[in-house]
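> Before I ask anything, here is the structure I am working with.
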Amino acid sequence: MSSEALLELAGVVKRFHGLAVVQDLAFNLKPGEILGLVGPNGSGKTTAINLISGVYPIDAGEIHLGGRRIDQLAAFRRVHLGINRSFQVPKPFRGMTVAENILVAAEYGGGQPDQEQILEEVGLTAERHRVASSLTVNHQKMLDLARALATEPKILLVDEIGAGLNPAELNVVADLLLRLANRNIALIVVEHLLKFLNRITDRVLVLSAGRRLFEGTLAEASADPEVVAAFLGG
Amino acid sequence: MPSARPDQIRQPPLRDGIILIVVLAVIFLVAPKVYGNQSLLLVMMTFVALAQGLNLLYGFTGYLPFGYVGFFGAGAYGMSILVLHAHVPAIPAVIGGGIVAVIFGVILGPLLRLSGAYFSIANLATAQILLLAVANPSLTPLTGGPYGLKLQQVFAPGAAYLTMLVIMLLATVIAVYFRRSRFGLGLRAMTDDRVSAEMAGINIVRARLIVWLISAAIAGLAGGAYAWSISVYYPDAVFGTNISVFAIVFALAGGVGTVIGPIVGAILLYALYNAIGITVPQYFELLYGFLIVILVLFLPEGGLSLLRRRGVDVL
Ligand SMILES: Nc1ncnc2c1ncn2[C@@H]1O[C@H](COP(=O)(O)OP(=O)(O)O)[C@@H](O)[C@H]1O
Ligand SMILES: [Mg+2]
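So the sequence lines, in the order shown, correspond to chains A and B. Taking the numbering used here, the leading residue of the first sequence gets 2, the next gets one more, and so forth. Taking the numbering used here, the leading residue of the second sequence gets 999, the next gets one more, and so forth.
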């Protein structure tokens, strides 16, 4: 195991109704690093995020953050230790305004964030007084991200934030994620859009049916017949 | 605390809360001098406290306790047993009743793992079990069994009335706190989206246990003061399911999740009940049955939600 790793997964398994949807997942992540997590629908990407963030308990294996074992900790404790995430289907506090959404995380997340700067960063300053349920899905996704940032994470897990964005919007999000990585936040980015992923990282982990199919650069991945087959098959 | 905290949180001003508490105190201090039936006013305050205590739980965490009366009865019996068997003075015994209810709440804490109707029904069952336990003839030396208890030696209606007033105001103060504090903001987040609340860093299990125990304490204190005021009672008088039903109807009708809703609901509907209910109780139960169905279906947040929908942010 690398001593500089911030996040380390080893032998992580998750079963639903006896069926393993994540199998023997293992990888490391360093501060400021961006790992692309790709794979066909149902390959276990979102589940992997749920396991790391503590939304589901793992059935086997270990997860370490900065050398400390965290896989038995409640989700809110992991948040305090520096893990946060966005949701594939965004989950803001729908009855609260944009600003209130961020305020909750600022109050409870264990950090001392600059809430104005976060609003600015995700491009929601003009929407600050709007109720979250009235936002577009894209804005709700950015609000998820803002709420996560308000807990001052060391690791940010981003689940398909690019789906539904136009190329210009994708560029804005890519720049934002790169800026976060520059601030030493480690990112796991689940994404189907490989062009988008290619802009922000060259390290990808390919999942297929819950197992690691490939780990390496995006270019190698797209040249790998197994990977190509998995995507066509999925 | 966050370094930059913009003007962002929508909450009613503290001034409204203070005015409400003062008005409520004045009304119930003056009312006995104007209207002779002090015991009716005491029961009304009891229901304001119970509706508010139930609102703290249901309105701020979403758990609807059908067996809320269990805490009330536990407080009544806890208070009475302290007076009768430990010779504790009445007011400390009322506080003791509140503590007994909190202990009962701790024991029932695991119920909070249940959701929705499962929680409500399991809670109803625990109140029934507690009633059967205290009414058990073999416990007669301690609880009076089916014959109930008599507390004449501490009978002091004026003091009991003021104690109930303080308990009702305490429930109101806590509700104001829930509407205006960081803790209340966390509760709002939890009821809005549980998973997201965890991702905001909220310790949900702890927060809802705290609310559960506060809600238990209010009912237990009210039960203690109520037992003191009536001084002679059968088990049914402090464990009857109709007490839970009243508290739920009053809170729901007025509006849960607000401070004013349960107060207005309890005062108006209890007054109505007394105006027409006593003579035709069977119709009243029917009416309340209908009222629950209609409220849950059409106005799940209660009467005040009509104002809220129009953008009036009531306390
Ligand atoms: N809560 C759950 N209960 C049962 N099965 C689940 C649950 N969450 C995910 N799954 C299953 O796990 C597999 C992986 O799902 P997911 O992680 O969402 O895939 P991806 O994000 O890669 O599309 C799918 O077969 C899905 O049906
Ligand atoms: Mg997914």
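Built from N, CA and C at the ideal position, the CB exists for glycine as well.
Does at least one heavy atom of ligand 2 sit under 8 Å from the Cβ of Lys142 (chain A)?
No - ligand 2 has no heavy atom lying nearer than 8 Å to the Cβ of Lys142 (chain A).
> To which residues of the same chain is Tyr1286 (chain B) closer than 8 Å at the C-beta, ignoring the five residues directly before and after it?
Cβ within range, chain order: Val1243, Phe1244 and Val1247.
> Less than 9 Å between the C-beta atoms of Ala1047 (chain B) and Met1188 (chain B), yes or no?
Contact flag unset, no.
> Please check if any C-beta of chain A sits within less than 9 Å of the C-beta of Val1098 (chain B).
With 9 Å as the cut-off, Val1098 (chain B) does not count as an interface residue toward chain A.
> Here's the rule: buried if 16 or more other CB atoms are within 10 angstroms of the residue's CB, otherwise exposed. What is Lys142 (chain A)?
That one is buried.
> From B:Ile1016, B:Val1132 and B:Glu1196, pick the residue whose C-alpha is nearest to that of Phe94 (chain A); which is it?
Closest option to Phe94 (chain A), Cα to Cα, is B:Glu1196.
> May I have the straight-line CA-CA distance separating Tyr1268 (chain B) from Tyr1066 (chain B), to the nearest angstrom?
Roughly 18 Å separates the two Cα atoms.
> Leu7 (chain A): which of A:Phe77, A:Asn199, A:Gly83 and A:Ala149 sits nearest, CA to CA?
The shortest Cα separation from Leu7 (chain A) among A:Phe77, A:Asn199, A:Gly83 and A:Ala149 belongs to A:Gly83.
> Name the chain A residues whose beta carbon is nearer than 8 Å to that of Asp1191 (chain B)?
In chain order: Lys92, Pro93, Phe94 and Arg95.
> For the segment 65-85 of chain A against the segment 1151-1171 of chain B, do three or more pairs of beta-carbon atoms, one drawn from each stretch, fall closer than 8 Å, so that the two count as touching?
The answer is no - the segment 1151-1171 of chain B does not touch the segment 65-85 of chain A, with fewer than three Cβ pairs under 8 Å.
> Give me the chain B residues within the contact set of Tyr109 (chain A), using Cβ-Cβ distance strictly less than 9 Å, ordered along the chain.
Going along chain B in sequence order, the residues near Tyr109 (chain A) (Cβ under 9 Å) are Arg1180, Leu1183, Gly1184, Ala1187, Ala1195, Ala1198, Gly1199, Ile1200 and Asn1201.
> Can you tell me whether His18 (chain A) is buried or exposed? The criterion is at least 16 other CB atoms within 10 Å of its CB, across all chains shown.
Answer is exposed; the Cβ neighbour count stays below 16.
> First and last residue of the beta strand (DSSP E) that includes Ser209 (chain A)?
Per DSSP, Ser209 (chain A) belongs to the beta strand (DSSP E) from Arg204 to Ser209.
> If you check the beta carbons only, do His193 (chain A) and Glu161 (chain A) fall under 9 Å apart?
Their beta carbons are under 9 Å apart, which means His193 (chain A) touches Glu161 (chain A) by this criterion.
> Would you give the residue range spanned by the beta strand (DSSP E) that Val159 (chain A) belongs to?
First-last of the beta strand (DSSP E) with Val159 (chain A): Ile156 to Asp160.
> In terms of residues, what are the limits of the alpha helix (DSSP H) holding Gln1150 (chain B)?
Premise fails: Gln1150 (chain B) is in no alpha helix (DSSP H) and is neither H nor E.
> Is the beta carbon of Val228 (chain A) sitting closer than 9 Å to the one on Gly37 (chain A)?
Cβ atoms of Val228 (chain A) and Gly37 (chain A): not closer than 9 Å.
> Pick out the complete beta strand (DSSP E) segments inside the segment 17-63 of chain A, 3 residues or longer, and give them in chain order.
Runs found: 20-30 and 35-39.
> Could you pull out every unbroken alpha helix (DSSP H) segment of at least 4 residues lying fully inside the segment 1105-1159 of chain B, listed in chain order?
List check, alpha helix (DSSP H) in window: 1114-1132 and 1138-1141.
> Is any non-hydrogen atom of ligand 1 found closer than 8 Å to the C-beta of Ala1169 (chain B), if you look at the structure I gave you?
Not under cutoff, so the answer is no.
> Thinking C-alpha only, which one of B:Pro1090, B:Pro1144 and B:Leu1054 is nearest Leu1207 (chain B)?
Selected option, being the one with the closest Cα: B:Leu1054.
> On the DSSP letters alone, give me the boundaries of the beta strand (DSSP E) that Leu214 (chain A) sits inside.
Its beta strand (DSSP E) spans residues Arg212 to Thr218.
> At least one CB of chain B closer than 9 Å to the CB of Arg184 (chain A): is that the case?
Not closer than 9 Å to any Cβ of chain B, the Cβ of Arg184 (chain A) fails to qualify, so no.
> Got a sec: does ligand 2 put a non-hydrogen atom nearer than 8 Å to the Cβ of Val159 (chain A)?
Answer for Val159 (chain A): no, Cβ out of range of ligand 2.
> Measuring from the CB of Lys46 (chain A), is there a heavy atom of ligand 1 at a distance below 8 Å?
Yes, Cβ of Lys46 (chain A) sits closer than 8 Å to a heavy atom of ligand 1.
> Using the beta-carbon of each residue, which ones in chain B are nearer than 7 Å to Arg69 (chain A)?
Residues of chain B passing the Cβ test: none, with the nearest at roughly 17 Å.
> When burial is assigned at 16 or more other CB atoms within 10 Å of the CB, is Glu108 (chain A) buried or exposed?
Buried is the call here.
> With C-beta atoms as the reference, is Val1209 (chain B) less than 9 Å away from Phe1058 (chain B)?
Yes. Within cutoff.
> So which residues of chain B does Ala149 (chain A) contact, with C-beta pairs closer than 8 Å?
Under the 8 Å cutoff, chain B gives Met1197.
> Regarding Val191 (chain A) and ligand 2, is the C-beta to nearest heavy atom distance less than 8 Å?
Yes, since a heavy atom of ligand 2 falls inside the 8 Å radius drawn around the Cβ of Val191 (chain A).
> Quick one, which of B:Arg1111, B:Ile1093, B:Gly1199 and B:Leu1012 has its alpha-carbon nearest Leu104 (chain A)'s?
Taking only the C-alpha atoms, the option nearest Leu104 (chain A) is B:Gly1199.
> Ignore the nearest five residues each way along the sequence and tell me which others in Thr202 (chain A)'s own chain have a CB closer than 6 Å to its CB.
Contacts found: Ile35 and Gly37.
> So with Cβ pairs under 9 Å, would you call Glu122 (chain A) a contact of chain B?
Output row for Glu122 (chain A): interface = no.
> To which residues of the same chain is Ser1078 (chain B) closer than 6 Å at the C-beta, ignoring the five residues directly before and after it?
These residues qualify, in order along the chain: Leu1147, Leu1149 and Ala1225.
> Compute every distance between the C-beta of Phe17 (chain A) and the non-hydrogen atoms of ligand 1, then say whether any falls below 8 Å.
Indeed, a heavy atom of ligand 1 lies less than 8 Å from the Cβ.
> If I follow the unbroken alpha helix (DSSP H) through Ile1274 (chain B), where does it start and stop?
Counting along the chain, Ile1274 (chain B) falls outside any alpha helix (DSSP H), and DSSP gives it neither H nor E.
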